[in-house]
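Residue numbers (the working numbering), protein chains in the order written: chain F, 683 to 892; chain Z, 683 to 892; chain X, 683 to 892; chain G, 683 to 892.
Number of protein chains: 4
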Amino acid sequence: MTADPEARLRADARRNRDQILAAAKAMFVEAGPDVPMEEIARRAGVGVGTLYRRFPDRDALIRAVGQGNFAEVLAEAEAATEEPTAWEALVRLLSRSRSLRLSVQLALLSPQAWAIIKADPETQRLRDSILDVISGLVTAAQEEGSLRRDVGAGDIAVLVALLIKPMPAPEHLTDLVTDRVLNLILDGLRLRPGPPLPGAPLSPDDLLLS
Amino acid sequence: MTADPEARLRADARRNRDQILAAAKAMFVEAGPDVPMEEIARRAGVGVGTLYRRFPDRDALIRAVGQGNFAEVLAEAEAATEEPTAWEALVRLLSRSRSLRLSVQLALLSPQAWAIIKADPETQRLRDSILDVISGLVTAAQEEGSLRRDVGAGDIAVLVALLIKPMPAPEHLTDLVTDRVLNLILDGLRLRPGPPLPGAPLSPDDLLLS
Amino acid sequence: MTADPEARLRADARRNRDQILAAAKAMFVEAGPDVPMEEIARRAGVGVGTLYRRFPDRDALIRAVGQGNFAEVLAEAEAATEEPTAWEALVRLLSRSRSLRLSVQLALLSPQAWAIIKADPETQRLRDSILDVISGLVTAAQEEGSLRRDVGAGDIAVLVALLIKPMPAPEHLTDLVTDRVLNLILDGLRLRPGPPLPGAPLSPDDLLLS
Amino acid sequence: MTADPEARLRADARRNRDQILAAAKAMFVEAGPDVPMEEIARRAGVGVGTLYRRFPDRDALIRAVGQGNFAEVLAEAEAATEEPTAWEALVRLLSRSRSLRLSVQLALLSPQAWAIIKADPETQRLRDSILDVISGLVTAAQEEGSLRRDVGAGDIAVLVALLIKPMPAPEHLTDLVTDRVLNLILDGLRLRPGPPLPGAPLSPDDLLLS
DNA sequence: AATGAATGAGATTTCATTCAT
DNA sequence: TATGAATGAAATCTCATTCAT
Numbered sequence: 683m684t685a686d687p688e689a690r691l692r693a694d695a696r697r698n699r700d701q702i703l704a705a706a707k708a709m710f711v712e713a714g715p716d717v718p719m720e721e722i723a724r725r726a727g728v729g730v731g732t733l734y735r736r737f738p739d740r741d742a743l744i745r746a747v748g749q750g751n752f753a754e755v756l757a758e759a760e761a762a763t764e765e766p767t768a769w770e771a772l773v774r775l776l777s778r779s780r781s782l783r784l785s786v787q788l789a790l791l792s793p794q795a796w797a798i799i800k801a802d803p804e805t806q807r808l809r810d811s812i813l814d815v816i817s818g819l820v821t822a823a824q825e826e827g828s829l830r831r832d833v834g835a836g837d838i839a840v841l842v843a844l845l846i847k848p849m850p851a852p853e854h855l856t857d858l859v860t861d862r863v864l865n866l867i868l869d870g871l872r873l874r875p876g877p878p879l880p881g882a883p884l885s886p887d888d889l890l891l892s
Numbered sequence: 683m684t685a686d687p688e689a690r691l692r693a694d695a696r697r698n699r700d701q702i703l704a705a706a707k708a709m710f711v712e713a714g715p716d717v718p719m720e721e722i723a724r725r726a727g728v729g730v731g732t733l734y735r736r737f738p739d740r741d742a743l744i745r746a747v748g749q750g751n752f753a754e755v756l757a758e759a760e761a762a763t764e765e766p767t768a769w770e771a772l773v774r775l776l777s778r779s780r781s782l783r784l785s786v787q788l789a790l791l792s793p794q795a796w797a798i799i800k801a802d803p804e805t806q807r808l809r810d811s812i813l814d815v816i817s818g819l820v821t822a823a824q825e826e827g828s829l830r831r832d833v834g835a836g837d838i839a840v841l842v843a844l845l846i847k848p849m850p851a852p853e854h855l856t857d858l859v860t861d862r863v864l865n866l867i868l869d870g871l872r873l874r875p876g877p878p879l880p881g882a883p884l885s886p887d888d889l890l891l892s
Numbered sequence: 683m684t685a686d687p688e689a690r691l692r693a694d695a696r697r698n699r700d701q702i703l704a705a706a707k708a709m710f711v712e713a714g715p716d717v718p719m720e721e722i723a724r725r726a727g728v729g730v731g732t733l734y735r736r737f738p739d740r741d742a743l744i745r746a747v748g749q750g751n752f753a754e755v756l757a758e759a760e761a762a763t764e765e766p767t768a769w770e771a772l773v774r775l776l777s778r779s780r781s782l783r784l785s786v787q788l789a790l791l792s793p794q795a796w797a798i799i800k801a802d803p804e805t806q807r808l809r810d811s812i813l814d815v816i817s818g819l820v821t822a823a824q825e826e827g828s829l830r831r832d833v834g835a836g837d838i839a840v841l842v843a844l845l846i847k848p849m850p851a852p853e854h855l856t857d858l859v860t861d862r863v864l865n866l867i868l869d870g871l872r873l874r875p876g877p878p879l880p881g882a883p884l885s886p887d888d889l890l891l892s
Numbered sequence: 683m684t685a686d687p688e689a690r691l692r693a694d695a696r697r698n699r700d701q702i703l704a705a706a707k708a709m710f711v712e713a714g715p716d717v718p719m720e721e722i723a724r725r726a727g728v729g730v731g732t733l734y735r736r737f738p739d740r741d742a743l744i745r746a747v748g749q750g751n752f753a754e755v756l757a758e759a760e761a762a763t764e765e766p767t768a769w770e771a772l773v774r775l776l777s778r779s780r781s782l783r784l785s786v787q788l789a790l791l792s793p794q795a796w797a798i799i800k801a802d803p804e805t806q807r808l809r810d811s812i813l814d815v816i817s818g819l820v821t822a823a824q825e826e827g828s829l830r831r832d833v834g835a836g837d838i839a840v841l842v843a844l845l846i847k848p849m850p851a852p853e854h855l856t857d858l859v860t861d862r863v864l865n866l867i868l869d870g871l872r873l874r875p876g877p878p879l880p881g882a883p884l885s886p887d888d889l890l891l892s
């Protein structure tokens, strides 16, 4: 359990690794996943050589950043389960999505980067865990009578993913816009008379990592 | 009106231009906006030289593709106004968004590409026209009593943009997933008792080209 | 004699040819002998195709411009022989060099261009004629007692060539500077007591076209 | 003083830099300032990448070579001041010009290259220093009675520049030809009765970097 | 272990030349 | 015959990666 290779790093090496990851995440978002490795290194305050010692190539760096993003979503989802009701947990999850946005939009950049992240087994494990937590919340919410019965965990995951993407609005309106969209969606999700959604509920398995 | 420089191209040159644009649009989506120019040329069936004669550099090509995308959305919005009721027009617009998806997701690729498209005056004009059409629909729908009064044209534009993005689901489920999301959203948009959305209605002017 | 191929050109074709040569001369001086052929064509007011019909490749164009330059120098030298004394003829020749400058400095641009011009037989013929005229003037001037006897036609040719080059001074001072240098040189050339020049008089044959 | 960025280079990097400059100087003269960067790199025994690391583009390389040339002329001028008389110093300076020829004729190649060199502030500083040294020599020579009083430092600079250019004669005669021209000029420069030069003495300030 | 210099493959871009209209 | 569109070879420049210091 503590044999995790990262755990064995000396304190300064550890700091280097963290700085590199932070720099990479920021620059991927700002300049796309093709930023020169040298610029990432400069921003992290290390030489390229050091960067390559930690991450053998660009793909490894992309994978690491991707894992970090999914780990954050999982942590958020698990934290949400502490809410008193399943409905409140779902709302909190959808609501927090927007704060995860920055950390996640990397995934949107360049088909290649996304392909690399999708193919990473560690990320797939994280995604499965996220979907598990959501499944539990969905079932509980439907049993407590707060969530319409024609949606599944897959639907919720889709909504989380949608709300995580950068909103097509200027920076300073992002929060307001996201809030309005979220509320529109909640209005529609609440159990009440109305037409059923088309098709059957989506299951987690319906969803590859898009 | 026919003084448009494009209109003066020789027939074969015109054909080449169109093929280049089609190839670029497809490859930007498949491989990101950094695909080698040479591959675009090959796919268009022309030499690189021809590509560069038409589009002096990559940015010019990105701009042209961006313009095409926005022009398609505008055409779709204008066509939607032919529906018998404003509500049906809005539904059609939101519904067709998904068919525009392929043609538009280019915008999502790489911050630089998006910056180039945003800065293009022709695209800005197109965007303004689109928002005008939507404004008309929103007002009409509210007057006919079908649309809640606490949403504005800006809200609708955001929803169009959201629904235009690639859905985080496998290819074969895209249509179904989009349909479900759309219906969830419609349920929330229909006029009926419920809590008001936070903040004031967004106006078109609230939205820069995101 | 009138079988010269150029003489057979139709009037408009002739005009085209002249315009192209004028444009080429100007642009070689302004932008070096590597200016894009297309720009030369544009400046001449014709299409590239037309340019290539007249001059099969860049070298042919450079050769033609070079010939024109040497022909001008020859004409100037021949005109100088009309002066009453040989000394005055020499002074006039050296003095007019500066007005030939623009037409000649092409030769200085890029070793390759110069190599092409040097290798052209027509240009070599022109150069020989120029040297013949100068030889006559030198002999006559020495016989009339105005020119020191330790200089040869080759020396004079070198001086012509030096004075023809662009003066290392700002544009508006070119004339004054050339005039001062010319007078310094004339002071030294005039027959009078003083140390002999080193070596023997240069003959025309000593000089390849540099 | 040692904070000069070049001074901080690692020994091998320093060596590479020098080799690149030497190769560039040689090839600019042999093949013009448009020689492929790759050939310069090959001649310097390094990869293109190394060349570009040191000199971000061709202009930077041209600038550096230009600076080197002017620095050499300055060094030569300063060394000349050690001669016993000012007249001898001037003769030495003019005489050594020919040995500087190779190192300097780059400036003649292509209007663009020359424009780049002229615009470089470091080169402008060097040129000013050169003119300062010449000014001192001219004044001293005139006071010691060896130099005609109607020439200024600008005139001398022009002569240095003229003598520095490649002589229009075959390689093996270059030295002789230059020597003859130099002596013709000296004969004219020596103080003695004769017509005054036209115009007023040129001052250094009259000369922009040509 | 960290640094940053060197490499060279590959992408972008330009232009001489050819050829369809 | 004149035009200018198309081609593709060649040049410029960039950057991932390796390796000497």
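A virtual CB, placed ideally from N, CA and C, is assigned to each residue, including glycine. Only a predicted model underlies this, so the values are computations on that prediction, with no experimental measurement involved.
Z:Ala-762 and Z:Ser-811 have their C-alpha atoms spaced approximately 14 Å apart.
Not a single C-beta of chain F is nearer than 8 Å to the C-beta of Z:Glu-721. DSSP places X:Ser-828 in no alpha helix (DSSP H); its state is neither H nor E. Of all C-beta pairs linking the stretch 736 to 754 of chain G to the stretch 830 to 844 of chain G, fewer than three are shorter than 8 Å, placing the two stretches out of contact.
With contacts defined as CB atoms closer than 8 Å, G:Val-859 and G:Leu-775 fail to qualify as a contacting pair.
Neighbourhood of G:Met-849 in chain X, by CB distance below 9 Å: Val-840, Ala-843, Leu-844 and Ser-892, in chain order.
Nearest to X:Ala-706 by C-alpha distance, out of X:Asp-694, X:Ala-822, X:Ala-742 and X:Ala-693, is X:Ala-742. Per DSSP, X:Asp-716 lies in no alpha helix (DSSP H) and is assigned neither H nor E. Listed along chain G is no residue with a C-beta nearer than 7 Å to that of X:Ala-693; the closest approach is about 34 Å. Within the stretch 745 to 761 of chain G, no residue has its Cβ closer than 8 Å to any Cβ of chain X. When Cβ-Cβ separations below 8 Å define contact, X:Val-773 makes no contact with chain G. The DSSP-derived three-state label of X:Asp-802 is coil. Cα atoms of X:Met-709 and X:Ile-722: separation of roughly 7 Å, rounded to the nearest angstrom. Separation of X:Lys-847 and Z:Ala-713 (C-alpha to C-alpha, rounded to the nearest whole angstrom) is 56 Å. DSSP places G:Val-730 inside the alpha helix (DSSP H), whose first and last residues are 730 to 736. Using a C-beta cut-off of 8 Å, the stretch 795 to 805 of chain G makes no contact with the stretch 848 to 868 of chain G, since fewer than three inter-stretch Cβ pairs fall below that distance. Residue environment: X:Ala-768 is assigned as buried (16 or more neighbouring CB atoms within 10 Å of its CB, all protein chains considered). In summary, X:Asp-700 is exposed, with fewer than 16 beta-carbon neighbours lying within 10 Å of its beta-carbon over all protein chains present.
At least one C-beta of chain Z is nearer than 8 Å to the C-beta of F:Gln-794. Looking from the CA of G:Glu-754, the closest CA among G:Leu-733, G:Arg-778, G:Pro-738 and G:Leu-772 belongs to G:Arg-778. At a cut-off of 8 Å, the C-beta of G:Arg-809 has no neighbouring C-beta in chain X. When Cβ-Cβ separations below 8 Å define contact, X:Gly-827 makes no contact with chain G. Separation of Z:Thr-732 and G:Gly-729 (C-alpha to C-alpha, rounded to the nearest whole angstrom) is 32 Å. For G:Asp-837, the uninterrupted alpha helix (DSSP H) segment begins and ends at 835 to 846. Per DSSP, the continuous alpha helix (DSSP H) segment holding G:Ala-753 begins and ends at 740 to 762. CA-CA distance, G:Gly-827 to G:Ala-704, rounds to 42 Å. Contact between X:Gly-834 and X:Val-815 is absent: CB atoms are separated by about 14 Å, not below the 8 Å threshold. Less than 8 Å separates the beta-carbon of X:Met-719 from that of X:Arg-740. Within 9 Å of the CB of F:Ala-713, the CB atoms of chain Z belong to Ser-792, Pro-793 and Gln-794, in sequence order along the chain. Nearest Cα to G:Lys-800 within the set X:Phe-737, X:Ile-702, X:Tyr-734 and X:Ala-851: X:Ala-851.
F:Arg-783 and Z:Glu-765 have their C-alpha atoms spaced approximately 36 Å apart. Comparing alpha carbon positions, the residue from G:Leu-756, G:Phe-752, G:Ala-695 and G:Ser-817 closest to G:Ala-726 is G:Ala-695. In the same chain as Z:Ala-795, and ignoring 5 residues on each side of it, the C-beta atoms closer than 6 Å to its own belong to Pro-715 and Ile-744, in chain order. Rounded to the nearest angstrom, the Cβ distance from F:Leu-866 to F:Ala-823 is 19 Å, too far for a contact under 8 Å. The distance from the Cβ of Z:Arg-809 to that of Z:Phe-752 is about 6 Å, consistent with a contact at the 8 Å cut-off.
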